[in-house]
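Just so we're aligned: the sequence shown equals residues -22 to -1, 1 to 568 in mature numbering (1 follows the signal peptide of the UniProt record, and there is no 0). Structure first, commentary second.
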Amino acid sequence: MTHVPPVRFRTAALLLIPLALAACSQAPSTPPVSAANGTQADTALLPWTATDDGLGEFGALALVSGENKLSALGWTSATNGYGPAERNKSNGGSAAGDGRTLTLNGKTYSSGLGVHASSSVTFTLDGKCSTFASDIGVDDEVGSSGSVVFQVYADGTKLYDSGTMTGSSSTKSVSVSVAGKKELRLVVTDGGNGASSDHADWANARVLSCTTSGNVSSSGDVTYKAPLVITKGGTYTGNYRSTDPSIPAISVKTSEPVIIENANVKGPGNLISGFRMQLTVRNTRGYGVNPNISGRPTGRFINSEDTLNLSITNNYLEGTGGIYVRNFIGKGSSGQTIKILRNSVRNIDGRLSNGSGGYQNAFRRYQFVQFNTVRGLVNAEIAWNQVINEPGKSALEENINMYQSTGTSGSRVKIHDNLIWGAYAINTATDTGYAGGGILLGDGDGSSSSTAGGYFDVYGNTIISTSNQGIGISGGHDHKVYNNRIVSSGLLPDGRKIAAQNVGIYVWDMYGSKAGGNWYNNTVFDNKIAWLRHRTDGSTFLNNTWFKDCSSTCYNNTTLINPPTLVTETTEHAAWKTRAASAGHTIGVQ
């Protein structure tokens, strides 16, 4: 029996393009792909996240106002020299939770991090805290042994270096400013004589003077102004907020070039919206707010209709409906195009409000990027974005969806080197009918050359745990998907199974492009995939590919690892971040 991906039903193209999915509940008795060509490496040598306490990767940004203990927050990545980094315990041995009470020179600590050189633990602050503080030293459990160096980095800059410390050293205290910093990284290296007994404690590690609204700087919290209406081209900055879901925080009512930079925008509706825009948005933070009107979702970060030119670079989005672009009327010969680059995104959220501060069990099908009948693009690019969606805090369909949209034969749209982690149902552990995924090409009616999608290159992306599919081609022509890394353990961060887990890559002409003569030149090759599904009896199988309408042009797609685990997912994220840094890219607000 061959596994068939879910059937998806579409309505005609609307501004919101509602989608639905009927999931296939059957699983094959054997995987439809060949046996794995690799095995899981020794996990003691891989980055670890704590999954036993439900924090791990997806606990990030759980900041409260005032003081925050780092052991109570989720880290965005962690590597550790021996076993996992421990919360509120010393490093101990190779197993999780096997440490002892954090103890430095006879003084015990109820909170902190216990690590082992070489170690690196990263936290996302997003400019919301003013100070990092901690006591540091080699834990008493190794006596006078051990030799380590503690280092503190913020946004890649070293703020503190302890020099070499041993088990005989006096405890030191660290207090450094992290005001306005997006990322805090705590590093422990060995003292140059190997890593034996290098049990290091970040005791009572904490960030101080934090706020949950906007960014923290030396001038304090963000103060928002009333919504802004732009009627003339130029450069605009400042902080703008709407409290009315029908009024954008910023409305652009001109076709002259507009730049919005170094801004904060917040509200329950669209944050930046307009028609016939030539718009650049950079170094700006956007925050979606529950509209508190029953049945209504928050709005989008960008809502662009009849687009002339769009450049969205180095921004931070949280809790919004993403970036929506309908129709392109610009002139490629004049350099007009669409660029969406180096943005940091958390929780694309289409959940419908229940009107009383919470949410219904329903959502509007938002995407991080949605192109709707955006055709004939030249030099267009969606690249080096980091998109992380947390279960229970987000609701979206595809992270990137190309609906009846095209590049040109001479200038294909490039979707490359993005990090996409997460696409989950509201009831992730039970909803088998969820249609969310990573990237979908050729969406919509392909029976006519005027509607069929085409001319897209998708490469170099890292896609993690996006439920229904990692990448799909559902119609159209001239789509090329290659050199992507697509991984899912089939599990939520807390270890529960993803009910809608389906397939790593599929190629399926589900909208009749063949009938219209518009299904051709679709190729999928050199991708590395590890997409794990869990049967009801507890057994697992890899469901890496399903190529219903692809034979000779889909080739050399290999198994990355078997089985992929939650640790594998974190490892892939860390590798992407290293690759982005090595390529010289700063992700998010600079």
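Note that CB positions come from ideal geometry on N, CA and C, so glycine has one too. All of these numbers come straight from a predicted model, not from anything done at the bench.
### Other residues of its chain near Leu33: CB distance less than 7 Å, five sequence neighbours each side excluded
Any reading at Leu33 must be qualified, since the residue scores a pLDDT of 35, below 50, and its modelled position is unreliable; no value is offered.
#### Entry: Residue from Leu91, Thr135 and Tyr131 with nearest C-alpha to Leu82
Across the set Leu91, Thr135 and Tyr131, the C-alpha of Leu91 shows the shortest separation from the C-alpha of Leu82.
### Query
Name the DSSP beta bridge partners of Leu295, please?
Bridge partners of Leu295: Gly264 and Val323.
### Same chain, Cβ closer than 7 Å to Gly333, neighbours up to 5 away in sequence not counted
The answer, listed in chain order, is Asn270, Ile271 and Ser272.
### Query
Per DSSP, what kind of secondary structure is residue 579 in: helix, strand or coil?
Lying before the first or after the last residue shown, residue 579 is absent from the chain, which here runs from -22 to 568.
#### Entry: Span of the beta strand (DSSP E), counted from its first residue to its last, around Ser55
Annotation for Ser55: the continuous beta strand (DSSP E) segment containing it runs Ser55 to Thr57.
#### Entry: Chain-order list of residues whose beta-carbon lies under 6 Å from that of Asn505 (same chain, five-residue window excluded)
Cβ-Cβ distances below 6 Å link Asn505 to Asn462 and Asn535 in the same chain, with the five nearest sequence neighbours on each side left out; the list follows chain order.
### Validate contact between the stretch 183 to 190 and the stretch 72 to 82 using beta carbons, cut 8 Å, 3 pairs
Judged by Cβ distances under 8 Å, the stretch 183 to 190 makes no contact with the stretch 72 to 82, as fewer than three pairs qualify.
### Task
Taking 8 Å as the cut-off, decide whether the C-beta atoms of Gly420 and Val356 are in contact.
If you check the CB distance, Gly420 and Val356 do not come in under 8 Å.
### Query
What's the C-alpha gap between Gln447 and Ile441?
Cα to Cα, the separation comes out at about 10 Å.
### Query
Got a sec, what are the start and stop residues for the beta strand (DSSP E) Leu51 sits in?
No beta strand (DSSP E) holds Leu51; DSSP gives it neither H nor E.
### Message
Count Cβ pairs between the stretch 139 to 157 and the stretch 113 to 120 that sit closer than 8 Å; are there 3 or more?
### Response
Taking 8 Å as the limit for Cβ pairs, the verdict is that the stretch 113 to 120 does touch the stretch 139 to 157.
### Message
With distance defined between alpha-carbon atoms, name the residue in Ser88, Gly61 and Ser98 nearest to Ala552.
### Response
Of the candidates Ser88, Gly61 and Ser98, the one whose C-alpha sits nearest the C-alpha of Ala552 is Ser98.
### Message
What would DSSP say about Val230, mapped onto helix, strand or coil?
### Response
Correct three-state label for Val230: strand.
### Task
Might you give, ordered along the chain, the residues of its own chain that have their beta carbon closer than 7 Å to the beta carbon of Ala561, omitting 5 neighbours on each side?
Cβ within range, chain order: n/a, list empty.
### Task
Give the straight-line distance between the Cα atoms of Ala157 and Thr531, rounded to the nearest whole angstrom.
Ala157 and Thr531: Cα-Cα distance of roughly 52 Å.
### Query
What residue ranges within the stretch 466 to 527 form continuous beta strand (DSSP E) runs of no fewer than 3 residues, ordered along the chain?
If we require 3 residues or more, the beta strand (DSSP E) runs fully inside the stretch 466 to 527 come out as 481 to 485, 501 to 503, 506 to 512, 518 to 520 and 523 to 525.
### Query
Distance, Cα to Cα, Leu80 vs Arg274?
For Leu80 and Arg274, the distance between alpha carbons rounds to 48 Å.
### Query
Rounded C-beta distance between Ser466 and Trp509? I'm assuming under 8 Å.
That belief holds up - the Cβ atoms of Ser466 and Trp509 are roughly 5 Å apart, short of 8 Å.
#### Entry: Own chain partners of Gly308 with C-beta closer than 6 Å, once the 5 adjacent residues on each side are dropped
For Gly308, where only same-chain residues beyond five positions count, the Cβ hits under 6 Å are Leu286, Asn287 and Gln314.
#### Entry: Between the CA atoms of Thr215 and Glu239 - distance to the nearest angstrom
Between the C-alpha atoms of Glu239 and Thr215 there is a straight-line separation of about 5 Å.
### Query
Is it right to say Gly328 is buried, meaning 16 or more other beta carbons lie within 10 angstroms of its own, or is it exposed?
Buried is the call here.
### Task
Starting from Glu547, trace the alpha helix (DSSP H) both ways and give me its first and last residue.
From DSSP, the alpha helix (DSSP H) with Glu547 extends over Leu544 to Ser560.
#### Entry: Proximity winner among Pro62, Arg390, Ile449 and Tyr402, relative to Thr549 (alpha-carbon distances)
The option with the nearest alpha carbon to Thr549 is Pro62.
### Query
Could you give the distance in angstroms between the alpha-carbon of Gly431 and the alpha-carbon of Asn379?
Rounded to the nearest angstrom, the two C-alpha atoms are 11 Å apart.
### Query
Ends of the beta strand (DSSP E) at Asp456?
Counting along the chain, Asp456 sits inside the beta strand (DSSP E) bounded by residues His455 to Tyr460.
### Query
Between which two residues does the beta strand (DSSP E) containing Ile180 stretch?
Before going further, note that residue 180 is Trp rather than Ile in the sequence given. Unbroken beta strand (DSSP E) run through Trp180: His177 to Cys188.
### Message
Quick check on this structure: which residue in Ala56, Ser55, Glu45 and His94 has the alpha carbon closest to the alpha carbon of Asn69?
### Response
Nearest option by C-alpha distance: His94.
### Query
What residue from Ser331, Thr276 and Pro226 has the CA that sits closest to Ser282's CA?
Of the candidates Ser331, Thr276 and Pro226, Pro226 places its Cα closest to the Cα of Ser282.
### Query
Roughly how many angstroms lie between the CA atoms of Ser425 and Gln348, to the nearest whole one?
If you draw a straight line from the Cα of Ser425 to the Cα of Gln348, it is about 21 Å long.
### Task
Would you mind stating whether Tyr484 and Ser445 have Cβ atoms separated by less than 8 Å?
Judged by beta-carbon spacing, Ser445 lies beyond the 8 Å limit of Tyr484, meaning their Cβ atoms are not closer than that value.
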